[in-house]
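Chemist:
Protein chains: 2
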Amino acid sequence: MPELRKDPVSGRWVIISVERGKRPSDFLSPSQKRKSGGFCPFCPGNEHTTPPEILAFRNANTLPNTPGWTMRVVANKFPALQIHGDLNKKGEGVFDMINGVGAHEVIIETPDHLQSLSTAPLKFVEDTLWAFFFRISDLKKDARLKYALIFKNEGEVAGASLEHTHSQLIALPIVPHRVKEEMDNSRRYYDAKERCLICDIINQEIDSGKRVVGENDYYIALAPFAARDPFETWVLPKRHESSFSPRDKNFTQLAEILQRTLKQLDKVLDTPPYNFMLHTSPFKDEQNDYYHWHIEILPRLTKRAGFEWGSGFYINPTLPEEAARFMREAKI
Amino acid sequence: MPELRKDPVSGRWVIISVERGKRPSDFLSPSQKRKSGGFCPFCPGNEHTTPPEILAFRNANTLPNTPGWTMRVVANKFPALQIHGDLNKKGEGVFDMINGVGAHEVIIETPDHLQSLSTAPLKFVEDTLWAFFFRISDLKKDARLKYALIFKNEGEVAGASLEHTHSQLIALPIVPHRVKEEMDNSRRYYDAKERCLICDIINQEIDSGKRVVGENDYYIALAPFAARDPFETWVLPKRHESSFSPRDKNFTQLAEILQRTLKQLDKVLDTPPYNFMLHTSPFKDEQNDYYHWHIEILPRLTKRAGFEWGSGFYINPTLPEEAARFMREAKI
């Protein structure tokens, strides 16, 4: 019998259709391993072909926008938003609009074209997380902006237009719909129980163990109970934290579990395309008791994302408990 | 300057990024025109290869599950849900679940493998709409079920696994998330104003005319103000109707505008892949003053649907007003 499961965080129901159950090998798509060759604007030596750098970690005595960097943040060359201008909020009858003021940046995670977040030395993953943190910290000073959405499209299928590993940041004058939904549900839960919803989920998942993908001292990786897609995995801090931030002044443990999870996915699904997004509290409500930041990783394995778009209703052919087991047993 | 627009029905914000503005020719993907050849379980003569028919429009003196039909509804051979069994609603700590009881049916819209909803004689579109209506009317008698979601995946990119034109119905013991969201927003609007939100939208759109794609006496096709995707188009009844139903005891005018809209899309975008979904009131609240049924058509033109999945946040490179103009000016 298939099962309908409700994701308590988003409020969304999902069909877990075990009769259509599939093993990882049913999902294999062209591997996202890197090839060299061809011009790449993100490779060292081509710094002049991107907008100027906003932030870089680079060797002493090297100039901005020249080689010598290990991590580089630049404006997106084709930005969806513009940083200059007024919000000019207005209505037109039943409709509401705001000028498209915001930031659209690209985080180039390593100079090495052949590496990815799962294969690069751990330091690059740590530095990427620092870059996220520094850019959020800077952008939140801008009173026009309410949220910085950080995401990664890995592989062409997942929306990446350039192969060289990178993530993106979009800073917005509004809070994205899904984050707002998660915050609303979390707030209602807190109002009813005086406890954080995701803290309760984590405690329950640690007790049962069956959807745990991995953990270390500070973080846990889980297959969500009502996963939308096969091998969807969330990475979360074990203690309550409302906003993305370093732990003990570093990102070592977070980098470790994030990279381990990506390695597990690579192993089980042969380097699949994926998206990840960081869900954290909005700028104006950074410290709160009810919302719990996390990273959602969604491998892009199925084509059947058709009507899901328009209905908010998902059919997942893989039991999250089985996906978690495959991931745990992966020899990485 | 890009613009952020809020869709009042879903409550979702969208970036309309005009700087990235694209013309229809920028979106051309492999045309979805049909080819003959190869085995097709939906073609006449192969009726025995599908589950038995639930409903068919067929010539007198022909037997079920043999040729002679013009429209045929069968159970999905790989159903996401099962029609037999109890709901067995239960909780497990913070999690909620329900047995996957429901229906998953396929509506084969014409016996002719080479036709589509945009090219077939209008009668086939009318009959398809009647099939939707009859199946919903039948399934709503089942007290376990709350909603019938009707959708179409046209083209492999949009999720169709068989080329022969068909739509699908999934009947569920819950209301899909997006429909629930739309109903909640519509109810709040009605509580504040004593008017239907979508009625107000339609009146405003008729006044301005700039996002009107087409209309006839009873129905209108619109590019939504905050379209998620280029050339997204909604078809709606002009007068208030909370549930999908015939008008003057027929579907002639609805079939006409639906087919005309699909022809316009085919002309402007060279027979693109698309999804459509019917959003109508749930079984238990069929007649109400606040929700307005409609069909949402989403051409699948862009690959950048990566993080949109996880954030509920969309970037649309085409101004809805321009999409509507291209559609209006299409010579069909």
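Chains as they are written, first to last, in numbering that gives the first Met the number 0: chain D, 0 to 331; chain U, 0 to 331.
C-beta atoms are modelled at their ideal positions from N, C-alpha and C, and glycine is treated no differently.
This structure is a prediction, so every number in the text was calculated from the model and none was measured.
(1) Can you list, in chain order, the residues of its chain whose CB lies under 7 Å from that of D:GLU125, leaving out five sequence neighbours each side?
(2) If the cut-off is 7 Å on Cβ atoms, which residues from the region 76-99 of chain U count as contacting chain D, listed in chain order?
(3) For a minimum of 4 consecutive residues, which ranges assigned as the alpha helix (DSSP H) are wholly contained in the region 232-314 of chain D?
(4) Using only CA atoms, which one of D:ASN98, D:ILE53 and D:GLU2 lies nearest to D:ASP137?
(5) Check the Cβ-Cβ distances between U:GLN203 and every residue of chain D, and say whether any is below 9 Å.
(6) I'd like the ranges of any beta strand (DSSP E) spanning at least 3 consecutive residues and lying wholly in the region 45-113 of chain U.
(7) Out of U:VAL178, U:ILE256 and U:GLY208, point me to the one whose CA is closest to U:ASN215's CA.
(8) Just the chain D side, please: which residues come within less than 9 Å of U:ILE200 by C-beta, in chain order?
(9) Can you tell me the Cα-Cα spacing of D:ASP25 and D:ILE314, whole angstroms?
(10) Taking Cβ positions only, does U:VAL212 come closer than 9 Å to chain C?
(11) Check whether the Cβ atoms of U:ALA102 and U:LEU144 sit closer than 9 Å, and answer yes or no.
(12) Under a three-way DSSP split, which group does D:ALA130 fall into?
(13) Considering just the uninterrupted stretch of the beta strand (DSSP E) at U:SER166, what are its terminal residues?
(14) If you draw a straight line from the C-alpha of D:LYS192 to the C-alpha of D:CYS198, how long is it?
(15) Ordered along the chain, which non-local residues of its own chain (more than five positions away) have a Cβ less than 8 Å from that of D:GLN167?
(16) For U:HIS47, decide whether its Cβ has a neighbour in chain D, counting only Cβ atoms nearer than 9 Å.
(17) Would you check if the region 83-103 of chain D and the region 318-326 of chain D touch, i.e. whether three or more CB-CB distances between them fall below 8 Å?
(18) Can the beta-carbon of U:ASN236 be found closer than 9 Å to that of U:TRP292?
(19) When you compare the CB positions of D:SER30 and D:LEU261, do they come within less than 9 Å of one another, or not?
(20) Taking 9 Å as the threshold (beta carbon to beta carbon), is D:SER280 in contact with chain U?
(21) Mind checking U:PRO120: buried by the 16 CB within 10 Å criterion, or exposed?
(22) Pick from U:ILE15, U:PRO43, U:HIS83 and U:MET182: whose alpha carbon is nearest that of U:ASN64?
(23) Start and end of the beta strand (DSSP E) containing D:TYR217?
(24) Is the distance from the Cβ of U:LYS5 to the Cβ of D:PHE41 below 9 Å?
(25) Would you mind telling me which residues of chain D sit closer than 7 Å to U:ILE14, beta carbon to beta carbon, in chain order?
(26) In angstroms with no decimal places, state the Cα-to-Cα distance between D:THR118 and U:ALA147.
(27) Quick test of your reading: D:ALA220 and D:VAL234, contact by CB under 8 Å. State the CB separation rounded to the nearest angstrom.
(28) Kindly say whether U:ARG134, judged by its beta-carbon, lies nearer than 9 Å to any beta-carbon of chain D.
(29) Look up U:GLU328 in the DSSP assignment and say whether it is helix, strand or coil.
(30) Is U:ILE314 close to chain D, meaning its C-beta is less than 9 Å from at least one C-beta of that chain?
(31) How would you call U:ASP265, buried or exposed, if buried means at least 16 neighbouring beta carbons within 10 angstroms?
Modeler: On the basis of the data shown:
(1) PHE250, THR251 and ALA254
(2) PHE77, ALA79, LEU80, GLN81, GLY84, GLY92, VAL93, PHE94, ASP95, MET96, ILE97, ASN98 and GLY99
(3) 251-268 and 307-310
(4) D:ILE53
(5) yes
(6) 52-57, 68-74, 89-91, 94-98 and 102-107
(7) U:ILE256
(8) GLY92, VAL93 and PHE94
(9) 16 Å
(10) The chain inventory of the structure shown lacks chain C, comprising the protein chains D and U.
(11) yes
(12) helix
(13) 165-171
(14) 12 Å
(15) ASN75, HIS103, GLU104, VAL105, ILE106, ILE149, PHE150, LYS151 and ASN152
(16) no
(17) no
(18) Residue identity check: residue 236 of chain U is Pro in the sequence provided, not Asn. Going by C-beta atoms, U:PRO236 is nearer than 9 Å to U:TRP292.
(19) no
(20) no
(21) exposed
(22) U:PRO43
(23) Segment: none, D:TYR217 is in no beta strand (DSSP E) and carries neither H nor E.
(24) no
(25) ALA79, LEU80 and GLY99
(26) 46 Å
(27) 5 Å
(28) no
(29) helix
(30) yes
(31) buried
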